[in-house]
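Numbering (my numbering), first residue to last: 29 to 505.
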């Protein structure tokens, strides 16, 4: 196992090196934190043993620096008398593996090294497993083995280990956020947060506060200090979805932040420094956004260091069987269903469609079909409709006739769907492509039912999941 010993005391440093080498380890030494960073540039240590109090850069700052760079291996802190409080703080706040007081008990050191080594090996095995899965047509939640997707996976693997900004382009519903998550998962920042901001969903008056945060009293309603998404993404990844919808004045402020990664909260006097990787996405072709004046040219060139294009579903129809399998598994977990798969005829039906809504539309169709099927194999799919109002029901022969008003047709469709769903309003809402709240409003209108806000079906706890497709502006994980 590769070990790095960091201690400013030459006798202790060489003593540890000699002992650890006698146990069969490959050992390098450093006299302080700065020297350790230099050694680590060419020596991939599985475990670090470091003293706390050292000149130039102490052990606390060394661990903090490695953590911010996303390359902190399991670390054992060696502490002398009087430094115990600092050692505990290092372990708790910065993620050190453990600490030992000097003079070090040899038996305890050996046990901790074995545990730290096992932890390091497990992390490396997980990394290799993720890489292997990416070569088999699955990269995180991205699925596909078509040439276009395999090319995309390859490019993700190339850019993920770097800190370069990435611009992801592609039509709505292709999975641009999943690409951003895959980049984060395969990067050294995987232990940091992934924070997503939908620039199109934040009102112009609030977007600066969403990104930069604000101090208490900065404006009316600012009753307490609030961290923005940039701050929440410290040591992680900030994903800016629909970048072209960000107001132009805010784009100028974002550009300044991307130059030196310093910002000031609204109402604040001091600048805050952040270590964040920025990944952005747009469903509008960048050339079009630049031409229409919706995207600053200087911001575009600052963020577009590496660009990834996600292909539309119609250009990778061969991926539909594997996509359907993955989506059905997810839908089963979400709704508690027992759908086992999809028939060959239904797969051919899916391959024949145009998929203007891409994978999001595919999921919508499969979700309605799975709810109608309940268990077993899906062998009947709802017809393709851009509004998503299909329920798998036929039309004229079952009640909708030429000459009916729109209101009468809608009322019949709602009642027929409720009957097919055995009165379950939550599942009926999903099949109809509307929210549970909208369904209740329509039933009040057509049936004259009282306002039952707060009253739900026995399984209507799923409504919150159904309506959560468009999440809030700043989501962190």
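Glycine included, C-beta positions come from ideal geometry on N, C-alpha and C.
Practice prompt. Just the C-alpha distance for residue 95 and residue 188, rounded to the nearest angstrom, thanks.
Written response: Against the chain shown, residue 95 aligns to sequence position 67. Against the chain shown, residue 188 aligns to sequence position 160. Across the structure, residue 95 and residue 188 are spaced so that their CA atoms are roughly 17 Å apart.
Item to complete: Hey, could you find the ends of the beta strand (DSSP E) residue 352 is sitting in?
Response: To locate residue 352, count along the chain shown from 1; it is residue 324. Counting along the chain, residue 352 falls outside any beta strand (DSSP E), though it belongs to the alpha helix (DSSP H) covering 348 to 363.
Discussion item. Rounding to the nearest angstrom, what Cα-Cα distance links residue 147 and residue 217 in this structure?
Written reply: Reading the chain shown from its first residue, position 119 is the one you call residue 147. Reading the chain shown from its first residue, position 189 is the one you call residue 217. Their Cα atoms are separated by approximately 18 Å.
Item to complete: Helix, strand or coil for residue 305, going by three-state DSSP, please let me know.
Response: Sequence index remark: in the chain shown, residue 305 carries index 277 (1-based). Three-state result, residue 305: strand.
Discussion item. Using the three-state DSSP reduction, which class does residue 297 fall into: helix, strand or coil?
Written reply: On the chain shown, residue 297 is found 269 positions in, with the first residue counted as 1. In the three-state reduction of the DSSP assignment, residue 297 falls in the coil class.
Fill in: Beta-carbon proximity list for residue 223, same chain, < 6 Å, skipping 5 on both sides
Working through the chain shown from its first residue, we reach residue 223 at position 195. The answer, listed in chain order, is 257, 260, 261, 266 and 504.
Worksheet item: Could you give the residue range of the alpha helix (DSSP H) that holds residue 440?
Response: As a first step, residue 440 is located in the chain shown; it is residue number 412 there, counting from the start. Taken as a continuous stretch (DSSP letters only), the alpha helix (DSSP H) holding residue 440 covers 434 to 448.
Item to complete: Classify residue 454 as helix, strand or coil using the three-state DSSP reduction.
Response: Here residue 454 is taken as the residue at index 426 of the chain shown, counted from 1. It is helical.
Worksheet item: Where does the unbroken alpha helix (DSSP H) through residue 87 begin, and where does it stop?
Response: If you number the chain shown from 1, residue 87 lands on position 59. Here the alpha helix (DSSP H) through residue 87 covers 87 to 96.
Practice prompt. Apply the 10 Å Cβ neighbour rule to residue 92 and answer buried if 16 or more other Cβ atoms are within range, or exposed otherwise.
Written response: Along the chain shown, one-based indexing puts residue 92 at 64. Label assigned to residue 92: buried.
Worksheet item: For residue 503, does the three-state DSSP call read helix, strand or coil?
Response: Numbered from 1 along the chain shown, position 475 holds the residue referred to as residue 503. Three-state result, residue 503: strand.
Worksheet item: To the nearest whole angstrom, what separates the beta carbons of residue 278 and residue 235, a pair I think is in contact under 8 Å?
Response: Within the chain shown, the letter at position 250 stands for residue 278. Within the chain shown, the letter at position 207 stands for residue 235. Rounded to whole angstroms, the Cβ separation of residue 278 and residue 235 is 5 Å, and the two are in contact under 8 Å.
Worksheet item: Looking at the structure shown, is residue 289 part of a helix, part of a strand, or coil, going by DSSP?
Response: Locating residue 289 in the chain shown gives position 261, where the first residue counts as 1. Coil, per DSSP.
Discussion item. Cutting at 7 Å between CB atoms, please list the residues of its own chain near residue 349, excluding the five before and the five after it.
Written reply: As a working note, residue 349 is residue 321 in the chain shown. For residue 349, where only same-chain residues beyond five positions count, the Cβ hits under 7 Å are 375.
Practice prompt. List the residues that DSSP assigns as beta-bridge partners of residue 332.
Written response: Numbered from 1 along the chain shown, position 304 holds the residue referred to as residue 332. For residue 332, which the question treats as bridged, DSSP gives no partner whatsoever.
Fill in: residue 329 burial status per 10 Å Cβ neighbour count (16 or more: buried)
Counted from its first residue, the chain shown places residue 329 at position 301. Flag for residue 329 reads exposed.
Fill in: Proximity of residue 263 and residue 201 at Cβ, strictly below 8 Å
Here residue 263 corresponds to residue number 235 of the chain shown, with the count starting at 1. Here residue 201 corresponds to residue number 173 of the chain shown, with the count starting at 1. Going by C-beta atoms, residue 263 is not nearer than 8 Å to residue 201.
Fill in: Paired residues, beta bridge with residue 269 - DSSP
As a first step, residue 269 is located in the chain shown; it is residue number 241 there, counting from the start. 226.
Worksheet item: Is it the case that the Cβ atoms of residue 351 and residue 390 are separated by a distance below 8 Å?
Response: Here residue 351 is taken as the residue at index 323 of the chain shown, counted from 1. Here residue 390 is taken as the residue at index 362 of the chain shown, counted from 1. The answer is yes: Cβ separation under 8 Å.
Worksheet item: Thinking C-beta only, is residue 272 closer than 8 Å to residue 319?
Response: By one-based count along the chain shown, residue 319 stands at place 291. By one-based count along the chain shown, residue 272 stands at place 244. Not in contact: residue 319 and residue 272 (Cβ atoms no closer than 8 Å).
Worksheet entry | For residue 401, three-class secondary structure by DSSP | Looking up residue 401 in the chain shown gives position 373. Three-state result, residue 401: helix.
Worksheet item: Is the beta carbon of residue 395 less than 8 Å from the beta carbon of residue 304?
Response: Along the chain shown, one-based indexing puts residue 395 at 367. Along the chain shown, one-based indexing puts residue 304 at 276. No, Cβ-Cβ distance for residue 395 and residue 304 is not below 8 Å.
Worksheet item: Between the beta-carbon of residue 176 and the beta-carbon of residue 343, is there less than 8 Å?
Response: Residue mapping note: residue 176 aligns to position 148 of the chain shown, counting from 1. Residue mapping note: residue 343 aligns to position 315 of the chain shown, counting from 1. Yes, they are a contact pair.
Discussion item. Would residue 523 and residue 373 be called neighbours here (beta carbons separated by less than 8 Å)?
Written reply: Any answer about residue 523 is impossible in this case: the structure gives the chain only from 29 up to 505.
Item to complete: Report yes or no: do three or more beta-carbon pairs, one from the segment 287 to 304 and one from the segment 237 to 254, lie closer than 8 Å?
Response: By the Cβ criterion, the segment 287 to 304 is in contact with the segment 237 to 254, since at least three pairs of Cβ atoms, one from each stretch, lie closer than 8 Å.
Item to complete: Report, in whole angstroms, the separation of the C-beta atoms of residue 79 and residue 35, which I expect to be a contact under 8 Å.
Response: As a working mapping, residue 79 is identified with position 51 in the chain shown. As a working mapping, residue 35 is identified with position 7 in the chain shown. Their Cβ separation, rounded to whole angstroms, is 4 Å, which keeps residue 79 and residue 35 in contact under 8 Å.
Practice prompt. Note down, in chain order, each residue of its chain lying with its Cβ closer than 7 Å to the Cβ of residue 327, except the 5 sequence neighbours on either side.
Written response: For the purposes of this step, residue 327 is taken as the residue at position 299 of the chain shown. Contacts found: 279, 282 and 283.
Worksheet item: What residues are listed by DSSP as bridge partners for residue 202?
Response: For the purposes of this step, residue 202 is identified with residue 174 of the chain shown, where counting begins at 1. In the DSSP output, where bridge partners are listed per residue, residue 202 has none listed.
Worksheet entry | Proximity below 8 Å, CB of residue 181 to CB of residue 195 | Taking the first residue of the chain shown as position 1, residue 181 is located at position 153. Taking the first residue of the chain shown as position 1, residue 195 is located at position 167. Not closer than 8 Å, so no.
Practice prompt. Tell me where the beta strand (DSSP E) around residue 377 begins and ends.
Written response: Position 349 of the chain shown holds residue 377. In the DSSP annotation of this structure, residue 377 is not part of any beta strand (DSSP E); the continuous alpha helix (DSSP H) holding it starts and ends at 372 to 379.
Worksheet entry | 8 Å Cβ cutoff met for residue 232 and residue 275 | Within the chain shown, residue 232 is the residue found at index 204, counting from 1. Within the chain shown, residue 275 is the residue found at index 247, counting from 1. Contact annotation: residue 232 and residue 275 have beta-carbon atoms nearer than 8 Å.
Worksheet entry | The alpha helix (DSSP H) enclosing residue 258, as first and last residue numbers | Residue mapping note: residue 258 aligns to position 230 of the chain shown, counting from 1. Here the alpha helix (DSSP H) through residue 258 covers 257 to 260.
Discussion item. Would residue 410 and residue 397 be called neighbours here (beta carbons separated by less than 8 Å)?
Written reply: Looking up residue 410 in the chain shown gives position 382. Looking up residue 397 in the chain shown gives position 369. In contact: residue 410 and residue 397 (Cβ atoms closer than 8 Å).
Fill in: Where residue 214 falls: helix, strand or coil (DSSP)
Numbered from 1 along the chain shown, position 186 holds the residue referred to as residue 214. Note: residue 214 maps to coil in three-state DSSP.
Worksheet item: Residues in its own chain within less than 8 Å of residue 99 by CB, not counting five upstream and five downstream?
Response: Counted from its first residue, the chain shown places residue 99 at position 71. If we look at residue 99 and ignore the five residues flanking it on each side, its Cβ neighbours are 68 and 216.
Worksheet entry | Between the CA atoms of residue 438 and residue 445 - distance to the nearest angstrom | If you number the chain shown from 1, residue 445 lands on position 417. If you number the chain shown from 1, residue 438 lands on position 410. Their backbone Cα atoms lie some 11 Å apart in a straight line.
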